[in-house]
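The opening position of the sequence shown corresponds to residue 1 in the working numbering, with each subsequent residue numbered one higher.
We put the beta carbon where it would ideally sit given N, CA and C, even for glycine.
One structure below.
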Amino acid sequence: MDLTLKSFSLLLSYPSPELQREIPELRRVLDGDRRLGRRLRRRIGRLLTVFEQEDVWDLQERYVDLFDRSRSLSLNLFEHVHGESRDRGSAMVDLLETYERAGFVNATPELPDHLPLLLEFLSTRPPQEAKALLADAAHLFEALAARLERRKSDYAPVFRALVVLAGASVSRSAVAALLERPDESPDDLAALDRAWEESEVTFGPDPGAGCPKARDLLAGMEGPQAPPLTTGPDARQAGGTRSEP
Numbered sequence: 001m002d003l004t005l006k007s008f009s010l011l012l013s014y015p016s017p018e019l020q021r022e023i024p025e026l027r028r029v030l031d032g033d034r035r036l037g038r039r040l041r042r043r044i045g046r047l048l049t050v051f052e053q054e055d056v057w058d059l060q061e062r063y064v065d066l067f068d069r070s071r072s073l074s075l076n077l078f079e080h081v082h083g084e085s086r087d088r089g090s091a092m093v094d095l096l097e098t099y100e101r102a103g104f105v106n107a108t109p110e111l112p113d114h115l116p117l118l119l120e121f122l123s124t125r126p127p128q129e130a131k132a133l134l135a136d137a138a139h140l141f142e143a144l145a146a147r148l149e150r151r152k153s154d155y156a157p158v159f160r161a162l163v164v165l166a167g168a169s170v171s172r173s174a175v176a177a178l179l180e181r182p183d184e185s186p187d188d189l190a191a192l193d194r195a196w197e198e199s200e201v202t203f204g205p206d207p208g209a210g211c212p213k214a215r216d217l218l219a220g221m222e223g224p225q226a227p228p229l230t231t232g233p234d235a236r237q238a239g240g241t242r243s244e245p
C-alpha cells in the first residue's frame, strides 16, 4: 500500500477526533516520503499541526466552508469536468466498475469520484497505475491548489503534493481554463445559489452518449470540461472503505 496516498485520503476527509488521533502516524509517513521535497513536507507539516492543535469543531466548520459550500473546491472530481451533464453519470458508472473489478468496496455514502475515496483506492494499486491515474487529474489538483492558496488555506500543499506524485507535466491551458471559472465565496449566498442551480435534465436517446472505456478511468479530465478511517462528510456517518482480495 502507498501510505502517502492513504494519508492524503485521510487528511482530505471530514475532520474527526479519530483522525486527530492518527496525526502522529500521518506525520511519520509524510515526513519520511522523499518523493516530496523538504519545503513541501514542511508545508504539509503545518497542516498536521493545525489538526493537532485546533478544536475539531473549528476544523469541521472550515472543511465544510471550503469543500462542501464552495463548488469550485468540490472534492467530487467529475464536478469540475462534467458539471451536472449526463456524461458525469457515464463516467461515474465506469469508475464504479473499475473499483469493483479491483475488488475495492466503497462502504461510504460518497460518490465514486470523491477524491478521498479515489486516493484510498489508488493507495492499493500498483505504483505505475496509481501514478498514471493521478497524472490524468494533475491539472485539477493544480487548479485546486491555486484556489486554496488564494484563500491562504493550509490544505493547499496536499494538492501540490498530488501533482508531484503524478510526475507529469501539467497542462497550463487546462489549469487556466479552470481558474477562469467563478470562485464563489461561501459567504456570498446569492452566488452560491447561482453556482448550484441544477442544469436542465433531458431524457431519451442521445447519439453521443455511451460509457467511456475502462482504461479512461478519469475520462475527460485532460481538459476543463492503520485501518481506514471513515471518509467524507458522513464521518459524519459510520463506515469506511476496504479492499477485498
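Residues in the same chain with beta-carbon distance under 7 Å from Leu59, minus the five sequence neighbours each way, listed in chain order, please. As a working mapping, residue 59 is identified with position 59 in the sequence shown. Within the same chain, Leu59 has close Cβ partners Pro15, Phe51.
What is the rounded straight-line gap between the Cα of Ile44 and the Cα of Arg160? On the sequence shown, residue 44 is found 44 positions in, with the first residue counted as 1. On the sequence shown, residue 160 is found 160 positions in, with the first residue counted as 1. Ile44 and Arg160: Cα-Cα distance of roughly 10 Å.
Suppose contacts are defined by Cβ-Cβ distances below 9 Å. Is His139 in contact with Val175 by that definition? For the purposes of this step, residue 139 is identified with residue 139 of the sequence shown, where counting begins at 1. For the purposes of this step, residue 175 is identified with residue 175 of the sequence shown, where counting begins at 1. The answer is yes: Cβ separation under 9 Å.
Boundaries of the alpha helix (DSSP H) in which Val175 is found, first to last residue: The residue labelled residue 175 in the question sits at position 175 within the sequence shown. Unbroken alpha helix (DSSP H) run through Val175: 172-179.
Would you kindly work out how many angstroms separate the C-alpha atoms of Leu178 and Ala146, rounded to a whole number? What you label residue 178 is simply residue 178 of the sequence shown in a count that begins at 1. What you label residue 146 is simply residue 146 of the sequence shown in a count that begins at 1. Computed Cα separation, rounded: 10 Å.
Compute the distance between the beta-carbons of Leu77 and Pro157, then report whether it is under 9 Å. Start at 1 with the first residue of the sequence shown, and residue 77 comes out as number 77. Start at 1 with the first residue of the sequence shown, and residue 157 comes out as number 157. It is not a contact, given that the beta carbons lie outside the stated cut-off.
Leu73 versus Ser13 - alpha carbon distance: Mapped onto the sequence shown, residue 73 falls at position 73. Mapped onto the sequence shown, residue 13 falls at position 13. Near 14 Å, if we compare the C-alpha coordinates of Ser13 and Leu73.
Would a C-beta distance cut-off of 9 Å place Thr98 and Met1 closer than the cut-off? Taking the first residue of the sequence shown as position 1, residue 98 is located at position 98. Taking the first residue of the sequence shown as position 1, residue 1 is located at position 1. Against a cut-off of 9 Å, the Cβ pair of Met1 and Thr98 comes out as no contact.
Whole angstroms are fine: how far does the CA of Lys6 sit from the CA of Glu22? The count along the sequence shown starts at 1 and reaches residue 22 at position 22. The count along the sequence shown starts at 1 and reaches residue 6 at position 6. When rounded, the distance between both Cα atoms is 12 Å.
Segment limits, beta strand (DSSP E) that includes Val105: Here residue 105 refers to the residue found at position 105 of the sequence shown. Residues 104-106.
Assuming the contact rule is C-beta atoms closer than 8 Å, Val246 and Pro116 should be a hit. Round their C-beta distance to whole Å, please. Past the edges of the chain, shown from 1 to 245, lies residue 246, and the structure says nothing about it.
Just to confirm before moving on: does the CB-CB distance between Arg35 and Thr4 stay below 9 Å? Indexing the sequence shown from 1 puts residue 35 at position 35. Indexing the sequence shown from 1 puts residue 4 at position 4. Yes, the pair counts as a contact, with Cβ atoms nearer than the cut-off.
Exposure label - Val81; buried when at least 16 CB within 10 Å: Indexing the sequence shown from 1 puts residue 81 at position 81. Label assigned to Val81: buried.
Inter-residue CB distance, Leu162 and Phe67 (contact presumed, cutoff 8 Å): By 1-based counting over the sequence shown, the position of residue 162 is 162. By 1-based counting over the sequence shown, the position of residue 67 is 67. Contact flag wrong, Cβ pair sits at about 15 Å.
Can you tell me the Cα-Cα spacing of Ala246 and Glu120, whole angstroms? Since the first residue of the chain shown is 1 and the last is 245, residue 246 is not available in this structure.
Looking at the unbroken alpha helix (DSSP H) that takes in Pro157, where does it start and where does it end? Along the sequence shown, read from residue 1 onward, the residue named residue 157 stands at position 157. Per DSSP, Pro157 belongs to the alpha helix (DSSP H) from 156-166.
List the whole-angstrom C-beta distance separating Glu142 from Val170, where the pair is believed to meet the contact cut-off of C-beta under 8 Å. Here the question's residue 142 lines up with position 142 in the sequence shown. Here the question's residue 170 lines up with position 170 in the sequence shown. Contact holds; Cβ gap of about 5 Å.
So if DSSP puts His114 in a beta bridge, which residue, or which two residues, is it bridged to? Along the sequence shown, one-based indexing puts residue 114 at 114. Its beta-bridge partners are Asn76.
Assuming Leu111 and Leu122 make a contact with CB atoms under 8 Å, what is their CB distance in whole Å? Residue mapping note: residue 111 aligns to position 111 of the sequence shown, counting from 1. Residue mapping note: residue 122 aligns to position 122 of the sequence shown, counting from 1. At roughly 16 Å, the Cβ-Cβ gap does not stay under 8 Å, so Leu111 and Leu122 are not in contact.
On the criterion of 16 or more Cβ atoms from any shown chain inside 10 Å, does Ser173 qualify as buried, or is it exposed? Residue 173 sits at position 173 when you count from the first residue of the sequence shown. Ser173 comes out exposed.
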